[in-house]
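Notes to accompany the following structure.
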Amino acid sequence: MIYGIGTDILKISSIASGTADLNDPFVQKTYTPKEIALITSRPIPQNSFATRLSG
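The opening position of the sequence shown corresponds to residue 222 in my numbering, with each subsequent residue numbered one higher.
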């Protein structure tokens, strides 16, 4: 059963500053090691960090 559909809007620049240090507790608690490895292999990691967070 679908309870609702929503849209997450996220400012990528705010994620970029929060994910600059991969050892930051926010990054370590929010993303798995496999996600971090995948995201950092992308050409523009900030976009992937934001996508994973809002998804």
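Quick reminder that beta carbons are idealized off the backbone N, C-alpha and C, glycines included.
The model shown is predicted, which means the values in this text are computed figures rather than measured ones.
Alpha helix (DSSP H) segment containing residue i, residue limits
| i | result |
| --- | --- |
| residue 244 | Run containing residue 244: none; DSSP gives neither H nor E here. |
| residue 232 | Run containing residue 232: none; DSSP gives neither H nor E here. |
| residue 263 | Per DSSP, residue 263 belongs to no alpha helix (DSSP H) and is neither H nor E. |
For residue j and residue i, believed in contact at Cβ under 8 Å, the rounded distance
| i | j | result |
| --- | --- | --- |
| residue 270 | residue 240 | 5 Å |
| residue 251 | residue 274 | 7 Å |
| residue 243 | residue 257 | 6 Å |
C-beta atoms of residue i and residue j nearer than 9 Å
| i | j | result |
| --- | --- | --- |
| residue 267 | residue 230 | no |
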